[in-house]
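Notes for the one structure printed next.
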Amino acid sequence: MREAKRVSLRLAIVLLLAFISFNQLFAEDDTILYESFDKSFDGRWIVSEKEGYNGEWKHEKSEGHDDYGLLVSEPARKYAIVKELDEPTSLKDGTIVLQFETRLQKGLECGGAYLKYLRPQEAGWVPKGFDNESPYSIMFGPDKCGTTNKVHFILKHKNPKSGEYVEHHLKFPPSVPHDKLTHVYTAILKPDNELQILVDGEEKKKANFLSSEDFEPPLIPAKTIPDPDDVKPEDWDERAKIPDPEAVKPDDWDEDAPMEIEDEDAVKPEGWLDDEPEEIDDPEATKPEDWDEEEDGEWEAPKTDNPKCQEGPGCGEWKRPMKRNPAYKGKWHAPLIDNPNYKGIWKPQEIPNPDYFELDQPEFEPIAAVGIEIWTMQDGILFDNILIAQDEKVASSIRDTTWKPKFEVEKEKEKATEAAAGTDALGGFQKKVFEILYQVAEISFLSEHKDKIIELIEKAEKQPIITIGVLVSIVVVILTVFLKLIFGGKKAAVEKKPEPVAETSNTEGSSEEKAEENEEPAPARKRQTRRET
């Protein structure tokens, strides 16, 4: 009897511990939403019926895995689908973690793979009418098209003074991984206004919601603004240098002297053929059989270079060559001196900003649904393991148990494919180079040139043989920016006498225009010519 009681007591303790552990692992307070797509999304997710959103969502396995996800099945389509939460979730109370996986199985040339975290429907939307105008609180995830290559984080924040909702974009966001593997994106919103962006569990960006250095436009407006009614005084002189009013043109300065003169010391080369023309009738040319002199005019043989001119020093009338005129000085200008009346570049005075306000914390709108609303030119985009939680450990655990095993399998398969193609050594080296280059593009002082650097990297990925050229180009960009930071840009030009220069066009033109300009004209028709009548 006693033994039976002991067994029952032990069993009760084990069940109690199991119950406590289960609740700790899957506490509803920590996990607000978790969508693994192990089952079909029908009945749980609502596909938008809005006009134009005709892309077909499918419940499919990720390539090479038994794991299911939500698949973008057709290229060049608009897609919209939404999942409502059981109840709206506040972003103001404690930590909030947003996380999801996406795999660009066919790459991503132009399109988005981001999620929108939507406000309650009272804001003016319905699930079946979900579109790009539906009001959201946060937009987060990869977006790539042309020079755009970023992991978006956009906060739509209500201005407490005007009542308008303004999109605030994270500055210098991380780039989208450039392969076709599964990646997991995590955004951690903390109560101290800190934002962390992780890609594959690694921190790629840390920001503060209230810092003007991290969001554009900043959530908190500037305290002062330029006075729109301020006007520059009429006597305000912005010229740092002026012509010296006391300078006088020298008496021997001849403005009319030509830039070039004949070289009086030049002598006509011996053997110059004065009476020979530079071109002669082509002796091999014959009149075409179908030539009609009444209709086409009198036939004339096309011209060709005179072979005698090529054998000798030259033909035709000899003229002395031109040389630089030592007396040429050009138009005289008074030298520049410091302007005694210089007041600097005028700026309107600063006045208090009437729209200024202070915040201790962003006025986050609650999240009532998660939606995917994209327009993409690629199919094969797979979404999986969408999570909203209040604990970073929950997100970390899901990454370790769902994303990491898939990623490691895909990585090994990628290496095997490269090895089978005989490109493992070179391809592996280039892949490492590209990874480093993408990290270089994230350096803050290169932000103004980020799009150009990424464009160069992507060209090199498509044409690996130009990798070295791209490296050189990026090094040049970095050195240029670095030198500007050190020396503060160009120095003021030194005043000097004008030099004779050849006349050139100031129009640079596009690369296509330049290519057209450099094309040689087609050879003239040698067999058919006609006399002017």
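When you line the sequence shown up against mature numbering (1 follows the signal peptide of the UniProt record, and there is no 0), it's residues -27 to -1, 1 to 506, in that order.
Even for Gly, the Cβ is constructed at its ideal location relative to N, Cα and C.
Note that this is a predicted model, so its numbers are computed, not measured.
**Study point:** Spatial distance of T68 from E346 (CA atoms)
**Key:** 26 Å
Review point. Going along the chain, which residues of its own chain have a beta-carbon closer than 7 Å to the beta-carbon of Y301, five neighbours each way excluded?
Key: A230, P231, M232 and P473
Practice item. Leaving aside the five residues before and after K316 along the sequence, list all residues of the same chain whose C-beta is less than 8 Å from its C-beta, in chain order. Key: W209, D210 and E211
Check your understanding: How many angstroms separate the CA atom of G42 from the CA atom of E331?
Key -> 43 Å
Check your understanding: Contact between the region 184 to 200 and the region 265 to 285: three or more CB pairs below 8 Å?
Key -> no
Check your understanding: Roughly how many angstroms separate the alpha carbons of E267 and K260, rounded to a whole number?
Key -> 14 Å
Check your understanding: Under the rule that 16 or more other beta-carbon atoms within 10 Å means buried, what is R92, buried or exposed?
Key -> buried
**Study point:** N- and C-terminal bounds of the beta strand (DSSP E) containing V70
**Key:** I69 to L77
**Study point:** Straight-line gap, E176 to K386 (C-alpha atoms, nearest Å)
**Key:** 26 Å
Point to revise | Extent of the continuous beta strand (DSSP E) run through D254 | key: E252 to D254
Review point. Is there contact between the region 31 to 51 and the region 347 to 367, where contact requires at least three CB pairs shorter than 8 Å?
Key: yes
Point to revise | Whole-number beta carbon distance between D373 and D3, since they are thought to touch under 8 Å | key: Actually they do not touch by this definition, with Cβ atoms about 16 Å apart.
Exercise for review: Name the residue from I361, P321, G84 and F145 whose alpha carbon lies nearest to the alpha carbon of D202.
Suggested key: P321
Check your understanding: Which class does D116 belong to by DSSP, given the choice of helix, strand or coil?
Key -> strand
Practice item. Name, in chain order, the residues that DSSP records as bridge partners for V124. Key: P115
Practice item. Alpha carbon to alpha carbon, how far is E338 from D357? Give it in angstroms, no decimals. Key: 25 Å
Check your understanding: By DSSP, does F380 sit in helix, in strand, or in coil?
Key -> helix
Review point. If you check the beta carbons only, do Q169 and L360 fall under 8 Å apart?
Key: no
Check your understanding: Can the beta-carbon of F188 be found less than 8 Å from the beta-carbon of H142?
Key -> yes
Practice item. Look up V367 in the DSSP assignment and say whether it is helix, strand or coil. Key: helix
Review point. Considering D269, what are the terminal residues of the beta strand (DSSP E) in which it resides?
Key: D269 -> not in any beta strand (DSSP E); alpha helix (DSSP H) instead, spanning E266 to D269.
Exercise for review: Figure out for me which residue from K388, I54, E391 and K379 has the closest Cα to the Cα of H38.
Suggested key: K379
Point to revise | Where G287 falls: helix, strand or coil (DSSP) | key: coil
**Study point:** Simplified DSSP state of E167, which is helix, strand or coil
**Key:** strand
Check your understanding: Within the chosen definition, does the region 245 to 256 reach the region 267 to 278 through at least 3 CB pairs nearer than 8 Å?
Key -> yes
Practice item. Within the same chain, show all residues whose beta-carbon is closer than 6 Å to that of E137, passing over the 5 residues directly before and after it, in chain order. Key: none
Practice item. Measuring alpha carbon to alpha carbon, tell me which of V55, V70, S63 and D11 ends up nearest residue 509. Key: Residue 509 is absent from the structure shown; the chain starts at -27 and stops at 506.
Review point. Alpha carbon to alpha carbon, what distance is there between Y158 and K65?
Key: 21 Å
Review point. From S185 to M112, what distance separates their C-alpha atoms?
Key: 19 Å
Exercise for review: Assign A398 to buried or exposed, taking buried as 16 or more other Cβ atoms, counted over all protein chains shown, within 10 Å of its Cβ.
Suggested key: Per-residue confidence for A398 stands at a pLDDT of 44, beneath the threshold of 50, marking its modelled position as unreliable; the derived number appears in the next sentence. It is exposed - the Cβ of A398 has fewer than 16 other Cβ atoms within 10 Å.
**Study point:** D311, enclosing beta strand (DSSP E) - first and last residue
**Key:** L309 to D311
Review point. When DSSP labels each residue in this structure, what does G344 get in the three-state scheme?
Key: strand
Check your understanding: Under 8 Å, do L44 and E57 count as touching if we go by C-beta distance?
Key -> no
Exercise for review: Please classify A139: is it buried, with 16 or more other beta-carbons within 10 angstroms of its beta-carbon, or exposed?
Suggested key: It is Val, not Ala, that sits at residue 139 in the sequence shown. Exposed, since its Cβ has fewer than 16 Cβ neighbours within 10 Å.
Exercise for review: Just tell me which of I451, V382, I371 and I340 has its CA closest to the CA of L88.
Suggested key: I340
Exercise for review: Grab me the residues of P147's own chain with a C-beta within less than 8 Å of its C-beta, minus the 5 sequence neighbours each way, in chain order.
Suggested key: K123, V124, I170, V172, K177, K178 and E415
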